[in-house]
Amino acid sequence: MSAFVLILQRDGSCFWKATGNLSLSPDWHKQDGFSVFLSGYLDQRDRLYASLGLSPDTAQALTDAALTLAAWRRWGESGLARLQGSIALVLADLRDSHRPRIVLYREPLGRRNLYYFSSPQLLLVADEPAALLAHPAVSSQPDEHWLAGHFALARPADNRTPFRAIRKLLPGERLICTPEAIRLHREPLVFGQQTLSYRSDQEYADHFRTLLDQAVARCLRDSGERTGIMLSGGMDSGPLAALAQRRLNGEGRTLTAYSWSLPGYPNADESAEITTCARHVGCGLHLLPGSAEWPMRDLATWPVNPNSPIANCFRRLKLAVYRAAAAEGCRVILNGASGDNLYPHPGCRLLDGWRDRRFGWVVREIARIGQAGGVLGLWRDPATRRLGKHLLGWRRTRPVSAPVWLSASARQHWREAGDPWPPEAADHARPDHYLAALDQWAADGVSEEAFFASRCGIERREPYHDPDLIDFMLSISSYDCYRNGHTKWVARQAMEGLLPEAIRWRPRGGLLTEFFDAGFRREHAALEQLLTAPDAAWPAYVDHGWLMRALNASEPSEREKLLIWYCAAFELWRRALSGDHPELLQFAHGET
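In terms of my numbering, the sequence shown opens at residue 69 and continues consecutively.
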């Protein structure tokens, strides 16, 4: 296990830690009455130690936690903003036994998690909420508001967790704890505050390539002699493989791509494209047979994450990759799953083009859409509809109503939810794009995978979840992302000469829908047995009649199948936490 727990008396009389897997445990540093516990790693250390006036030789001898403490002692709370990288930290100032001070901090992208429980006597901190349940002061009662939002498929709007007693430190937030009070503070996000306008398409492509290369380099720091990458046949992981291979090869290190083949599912199988990409960039390749790891296989021994009912139905497929990489000596594996979050919705492209006064391009694009789909195509295309509403001055928005599948009690809890988080999204020209890149889903998706990867001895790193790259993508027009019917235009331009043309201009493929449907049909009886158990609790959140109709439908919709899986995963999570089904927690406890 990689979870850690800190138990801190609010009066400073006790301060101790318990950690799991030492190979992945956080950095720990004590000095002059201070203690720093840092999860993750710092980027741009050279800038930090230069600002501190340290010589390179002196700074190289300092761990990230020691460098963090030096920044705190120089600048105090304002020094936290100078810490760049995938980090979360706990800092205790115990110099004055009568006035101890405890600081929690999570960097603005939230790539590392911190959870806490507070009472007048205690502050408990962990990187996984379920780890806090071991303390007798913490109740395992579920949070109905969080669960209502989860089943509503709604973006998290606050710091709630699946457990009523436990709270999450939000990205960019810091908590200051003293014996008298707990104070929370968060600086507003500053991404995408200016609009970039270059003279040519090539300048956009060159800037994108530079930033992506920089993001890859940051993720390769201390990655060891052998680094892995989860490779598909598209324009997210392919560019990462090309850039990582160039860097590692120049340093005498090795990159190996890992993926799966699904020969029985032609619409989901990308093994041919993956092989082409790996050969072109020159990295190693390990293709795993994936057909035997179908979605939802063997629910009786499902690897449950006790921290949350959120579950990926392709979990066994992903675990096979992590285990294979670890068995071959990898400690770090790169992943491109955050790539899609960088790009705005294609429905923004015409309005952005109009605002940029690219009237000729807008007219040509409308003509292209009309030629392809006629009048009906123009009406259905979200880009023409959005532009039309803008030109007509139509600013009316429909009131948001509760999803029809929620139970009556869940609807009431859902209505009490706040506005979308982060609040800065409302001030951006493309709020949905801002949310996709920077909301809690984006951050928590990284930590969800970290739970599973770490227990396989792997640290998964996400180059696309990079602050400079996100800032750039939020600062350019969506016109630069969609062109001539192609998505991710700026990335395709940037990868000229680095990826094979068949990959660079390939439409999106490899969606696992066909594989999911096969697993759904195969495990239908097991799903039904789980969902109709006498003690099933999902009807408190999802209308019983609605879900039963979906479960018994001959052709349920994609959303209906998703909700069926959500309810099944919730039941597995409940069973795991009950203690009556230890087989569901064997993976979490490192027993498989």
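The C-beta atom is built at its ideal place from N, Cα and C for all residues, glycine as well.
Small disclaimer: the values here were computed from a predicted structure and weren't measured.
#1: Can you check which of these residues, ARG590, ASP95, ARG321, is closest to LEU137 by C-alpha distance?
#2: Can the beta-carbon of LEU631 be found less than 8 Å from the beta-carbon of VAL610?
#3: Rounded to the nearest angstrom, how far is the Cβ of ARG225 from that of PRO488, given a contact under 8 Å?
#4: To the nearest angstrom, how far is the alpha carbon of THR555 from that of CYS549?
#5: Can you tell me where the alpha helix (DSSP H) holding GLY296 begins and where it ends?
#6: Work out the CA separation of LEU257 and ASP495 for me, nearest whole Å.
#7: List the endpoints of the continuous beta strand (DSSP E) containing ILE250.
#8: Taking buried to mean at least 16 other C-beta atoms within 10 Å of its own C-beta, is GLY671 buried or exposed?
#9: Based on the DSSP secondary-structure assignment, which residues constitute the bridge partners of VAL104?
#10: With a CB to CB cut of under 8 Å and the five nearest residues on each side skipped, what residues in its chain are close to GLU639?
#11: Taking DSSP as the reference, what is the three-state secondary structure of SER186?
#12: Buried or exposed: TYR266, going by 16 or more other Cβ atoms within 10 Å of its Cβ?
#13: Assign ARG574 to one of two classes, buried (16 or more other C-beta atoms within 10 Å of its C-beta) or exposed (fewer than that).
#14: Can you name the start and end residues of the beta strand (DSSP E) that TRP328 belongs to?
#15: If you draw a straight line from the C-alpha of ARG453 to the C-alpha of ASP408, how long is it?
#16: With which residues is LYS556 paired in a DSSP beta bridge?
#17: Quick one: grab the DSSP three-state call for VAL284.
#18: With a 10 Å radius around its C-beta and 16 neighbouring C-beta atoms as the bar for buried, classify LYS629 as buried or exposed.
#19: Excluding the 5 residues flanking LEU653 on each side, which residues of the same chain have their C-beta closer than 7 Å to its C-beta?
#20: Given a threshold of 16 other Cβ atoms within 10 Å of its Cβ, counted over all protein chains shown, does ARG523 qualify as buried or as exposed?
#21: GLU591 and ARG254 look like a contact to me (Cβ under 8 Å); what is the Cβ gap, rounded to whole Å?
#22: Which two residues bound the contiguous beta strand (DSSP E) that contains GLY352?
#23: From which residue to which residue does the alpha helix (DSSP H) around VAL431 run?
#24: Going by the CB atoms, is the gap between PHE583 and PRO363 shorter than 8 Å?
#25: So ILE297 and LEU323 are in contact, right, with Cβ under 8 Å, and what is the actual spacing, rounded?
#26: Helix, strand or coil: how does DSSP classify LEU90 here?
#27: Can you give the Cα-Cα distance for SER154 and ILE434, rounded to whole angstroms?
#28: Within the continuous alpha helix (DSSP H) that includes LEU595, where are the two ends?
#29: Taking buried to mean at least 16 other C-beta atoms within 10 Å of its own C-beta, is ASN552 buried or exposed?
#30: Could you check the C-alpha separation between ASN89 and CYS245 for me, to the nearest Å?
#31: Between the Cα of LEU106 and those of VAL171, SER123, ALA127, spot the shortest distance and give me the residue it belongs to.
#32: Where does TRP641 sit, in a helix, a strand or coil, going by DSSP?
#33: Taking only the alpha-carbon atoms, compute the straight-line gap between THR581 and TRP633 and give it to the nearest angstrom.
#34: Note down the Cα distance separating ARG150 from LEU402, rounded to an integer number of angstroms.
A quick look at the data gives this:
#1: ASP95
#2: yes
#3: Here the sequence assigns Ala to residue 225, which means Arg is not the residue at that position. ALA225 to PRO488, Cβ: 6 Å. Contact.
#4: 6 Å
#5: Run containing GLY296: none in the alpha helix (DSSP H); it sits in the beta strand (DSSP E), 294-298.
#6: 11 Å
#7: 250-254
#8: Any question about residue 671 goes unanswered here, given that the chain covers just 69 to 660.
#9: HIS97, LEU159
#10: LEU598, LEU599, ALA601, ALA604, ALA605, TRP606
#11: strand
#12: exposed
#13: buried
#14: 322-329
#15: 23 Å
#16: In the DSSP output, where bridge partners are listed per residue, LYS556 has none listed.
#17: helix
#18: buried
#19: VAL372, PRO374, ALA644
#20: buried
#21: Between ARG254 and GLU591 the Cβ distance is about 42 Å, and since that is not below 8 Å, they are no contact.
#22: 352-357
#23: 427-448
#24: yes
#25: 6 Å
#26: Below a pLDDT of 50, predicted positions are generally treated as unreliable, and LEU90, at 32, falls in that range; the measurement from the model is reported next regardless. Here LEU90 sits in coil by DSSP.
#27: 42 Å
#28: 592-599
#29: exposed
#30: Because ASN89 sits at a pLDDT of 39, beneath the cut-off of 50, its placement in the model cannot be relied upon, and the point is left open.
#31: VAL171
#32: helix
#33: 14 Å
#34: 25 Å
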